[in-house]
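**Q** If you number the sequence shown the way full-length UniProt numbering does, the last residue is 312 and the count never jumps. What follows is a structure written as structure tokens; I'll ask about it next.
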Amino acid sequence: MTDETKPLVLVIGAGGHGGTGLRVVEQLLAHGRAVRLFLRSRGAHVDALEARGVQVVMGDLMDRRTLVDAVSGVDAVYFAYPIAAGAVAAASNLASVLRAEGVAPHLVVMSMGPAAADSPSALGRAQWVAEEVFTWAGLDPTVLRVAALFYENVVVLHGNEIRETRRFANSFGTAPAPWISGRDAADLAVAALVEPDRFAAAKVSYPPGAELLSHVQIAEVISAEIGSVVEFEPISARDWQRGLEDVSQSSGVVNDAMAQHISAVGAQLSQRAGAAIVPDPRRLAEITGREPHSFAEFVREHRGAFTSTGTS
């Protein structure tokens with residue numbers, strides 16, 4: 001099969017939360033798909049992918065004009081919007097361009113578990129509307145609301161605290177929560193892209209997480225892996241949101257919308273006796289074709305993110 005005859009997948013969100021986007025690209029190439037990236041900026045990793053035949057279109061989801069060339073001739077689209085404001089506008093621009101250009105691809109949306117009309121998270125409510133936009137446009141999206149927190153959240157939200165103080169705090173309380181690695185979430189998306197029938201029965205799916213861990217247990221796993229005691233402290237959603245907003249002033253990773261989102265989700269989960277959708281590693285393995293990543297393995301592979309030396 002030549003590049004010209006391979007099914008072409010447009011990947012929007014090549015960074016992606018938890019590093020999902022680049023994993024999606026790698027796995028699509030492994031499955032014999034041609035890949036086109038839609039990016040706002042590029043780096044050495046993009047140059048390397050381009051050298052492997054990946055097409056690159058530079059643009060901005062907030063500028064509808066830049067999407068026209070990106071959607072030309074695509075067979076499938078992967079849409080993953082970052083944990084930030086703007087999902088509704090981005091979805092509207094993409095949907096309108098697909099309709100105007102007469103393109104009807106298989107659309108897979110990497111959503112979030114809290115996506116709902118009445119979500120306590122403003123981003124959750126916006127993500128729900130974005131999904132509705134795709135449906136109203138007649139694009140028949142396959143929506144993946146992964147029912148788990150990402151292991152990578154611990155690094156993004158608490159890495160500095162853990163390295164500097166061996167303590168971290170948030171609004172999740174001591175209740176158990178479902179968890180998944182960004183790698184496994186990406187492979188769920190790839191399964192939906194290359195085998196659409198897997199998710200045909202329910203256009204909105206809640207793929208399960210890999211394991212159930214409280215933040216107390218998260219601290220215990222980190223402690224065991226790095227050989228130094230790490231402690232967790234429950235705090236109110238308001239206090240955590242304010243702390244994250246302070247971090248957002250000097251961070252290119254955390255933003256104010258993310259601060260409201262994750263603190264609200266934490267407060268909601270802290271009131272539950274357990275996960276609404278229980279992790280199911282066997283089911284996850286059936287979908288992805290391999291055993292899911294554990295949090296202990298994740299910490300082992302990213303040890304430098306939790307230690308003061310910054311070495312891995």
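Cβ coordinates follow ideal geometry from the N, Cα and C atoms, glycine included.
Does P196 pass the burial test, meaning 16 or more other C-beta atoms within 10 Å, or should it be called exposed?
**A** exposed
**Q** CA-CA distance, A14 and F232?
**A** 32 Å
**Q** Given a cut-off of 8 Å, decide if L28 and V9 are closer than it, judged by their beta-carbon atoms.
**A** yes
**Q** Can residue 344 and R198 be called in contact, C-beta distance under 8 Å?
**A** Examination of residue 344 is not possible in this model, given that the chain is present from 1 through 312 alone.
**Q** Taking only the alpha-carbon atoms, compute the straight-line gap between F295 and V108 and give it to the nearest angstrom.
**A** 26 Å
**Q** From what residue to what residue does the alpha helix (DSSP H) around H45 run?
**A** 44-51
**Q** Pull up the distance between the alpha-carbon of A116 and that of S41, whole angstroms please.
**A** 31 Å
**Q** Quick one: grab the DSSP three-state call for T311.
**A** For T311, the predicted model reports a pLDDT of 42, less than 50, meaning its position is unreliable; a value from the coordinates is still stated below. T311 falls in the coil class under three-state DSSP.
**Q** Between which two residues does the beta strand (DSSP E) holding E233 run?
**A** 231-234
**Q** Between the segment 159-175 and the segment 217-229, can you find at least three pairs of beta-carbon atoms closer than 8 Å?
**A** yes
**Q** Around the Cβ of R145, are there at least 16 other Cβ atoms within 10 angstroms (buried) or fewer (exposed)?
**A** buried
**Q** For the beta strand (DSSP E) that Q55 lies in, which residues bound it at each end?
**A** Start and end: 55-58.
**Q** Rounded to a whole number of angstroms, what is the C-alpha to C-alpha distance between T135 and A51?
**A** 36 Å
**Q** Would you mind reading off the limits of the beta strand (DSSP E) that contains H261?
**A** From DSSP, H261 is part of no beta strand (DSSP E) but of the alpha helix (DSSP H) over 256-270.
**Q** What first and last residue would you give for the alpha helix (DSSP H) that runs through T288?
**A** 281-288
**Q** Helix, strand or coil, according to DSSP, for I12 in the structure here?
**A** strand
**Q** For P196, which of helix, strand or coil comes out of DSSP?
**A** helix
**Q** Cα-Cα, which of V56, L49, V88, P114 is closest to L269?
**A** P114
**Q** Mapping the DSSP letters down to three states, classify V190 as helix, strand or coil.
**A** helix
**Q** On a Cα-Cα basis, can you pick out the residue from G19, S250, A148, L244 that is closest to S214?
**A** A148
**Q** Please go through the same chain and pick out, in chain order, the residues whose beta-carbon is closer than 8 Å to the beta-carbon of residue 386, but skip the five residues on each side of it.
**A** With the chain covering 1 to 312 only, the question about residue 386 has no answer from this structure.
**Q** What's the gap between the Cα of G252 and the Cα of V156?
**A** Rounded to the nearest angstrom, the two C-alpha atoms are 11 Å apart.
**Q** Out of L61, D246, D69, A257, state which residue places its alpha-carbon closest to the alpha-carbon of F79.
**A** L61
**Q** Excluding the 5 residues preceding and the 5 following P120 in the sequence, name in chain order all residues of the same chain whose CB lies nearer than 6 Å to its CB.
**A** So the list reads A264, Q268, once near-sequence residues are dropped.
**Q** Can you say whether S250 is buried or exposed, counting buried as having 16 or more other CB atoms within 10 angstroms of its CB?
**A** exposed
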